[in-house]
Amino acid sequence: PPTDASTLEDHAGWLETVITHEYVHTLHLDKARGFPLAAREVLGRWPLFLPFSVFPNAFQPRWLTEGIATYYETD
């Protein structure tokens, strides 16, 4: 947790923080290898029948996806 109130009031780099957070989501959720990568090559990025086979990280717990993004957005 923050040690003083001044760290909570620092909004100077808010846009950079938001962009970094969302970019980490993009990199993390888009990562695939093995069968998911092969399925993506065959079916494309917008499969109608097997979305879990193309984007397996999209079904990870929300606390994990948000935790990774929050971890990387901090300096």
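Using the numbering used here, read the sequence shown as starting at 1123 and increasing by one per residue.
Note that CB positions come from ideal geometry on N, CA and C, so glycine has one too.
If you're wondering where the values come from, they're calculated on a predicted model, not measured in any experiment.
Asked: With C-beta atoms as the reference, is His-1147 less than 8 Å away from Thr-1192?; Found: no
Asked: Are there 16 or more other CB atoms within 10 angstroms of the CB of Ala-1161, so buried, or fewer, so exposed?; Found: buried
Asked: Determine, using beta carbons only, whether Asn-1179 and His-1143 come nearer to each other than 8 Å.; Found: no
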